[in-house]
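> After the structure tokens below, expect a handful of questions from me.
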Amino acid sequence: MAPKKKVERGAQENIALGPQVREGELVFGVARIFASFNDTFVHVTDLSGRETISRVTGGMKVKADRDESSPYAAMLAAQDVATRCKELGITALHVKIRATGGNGTKTPGPGA
Numbered sequence: 001m002a003p004k005k006k007v008e009r010g011a012q013e014n015i016a017l018g019p020q021v022r023e024g025e026l027v028f029g030v031a032r033i034f035a036s037f038n039d040t041f042v043h044v045t046d047l048s049g050r051e052t053i054s055r056v057t058g059g060m061k062v063k064a065d066r067d068e069s070s071p072y073a074a075m076l077a078a079q080d081v082a083t084r085c086k087e088l089g090i091t092a093l094h095v096k097i098r099a100t101g102g103n104g105t106k107t108p109g110p111g112a
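The opening residue of the sequence shown carries number 1 in full-length UniProt numbering; numbering runs sequentially from there.
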């Protein structure tokens, strides 16, 4: 078998993600938190709601099914979302909290 050719790569440039803003200017996003009695969703979009920046659930952070809707799982999900928002340069969030509603209870679950 012939030896593999080595590919030389040039110097990597710093890639800036997110919008170009001036110093001290706020970049807003919308954090939609859906807290049911079975799971907690934290979904961050841009202001129009069309571009998803980050979406993390409580079930993605804990192993046990019974802990998906716990406040601890919601806290871990919020930490991941905050880290991703900081990477992309989002400095402010509008928070919208939603519960299950309908014929059932209108109060959010324990993860809200």
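Think of the CB as a built atom: it goes at the ideal place given N, C-alpha and C, for glycine as much as any other residue.
Bear in mind the structure is a predicted one, so any value in this text is a computation, not a measurement.
Quick check on the DSSP output: what are the complete alpha helix (DSSP H) runs of length 4 or more inside the segment 10–57, in order along the chain?
none
> For the segment 70–104, list the alpha helix (DSSP H) runs that are entirely contained and at least 4 residues long, ordered along the chain.
71–88
> Shortest alpha-carbon distance to residue 41 belongs to which of 5, 73, 94 and 8?
73
> Measure the alpha-carbon distance for residue 37 versus residue 91 and round it to whole angstroms.
30 Å
> Can you tell me whether DSSP reads residue 111 as helix, strand or coil?
DSSP places residue 111 in coil when its eight states are reduced to three.
> With distance defined between alpha-carbon atoms, name the residue in 79, 65 and 44 nearest to residue 27.
44
> In its own chain, which residues sit with a C-beta less than 8 Å from the C-beta of residue 49, not counting the 5 before and 5 after it?
Close CB contacts of residue 49 within its chain, under the 8 Å cut and outside five residues either way in sequence, are with 30 (chain order).
> In angstroms, rounded to a whole number, what distance separates the CA positions of residue 87 and residue 12?
18 Å
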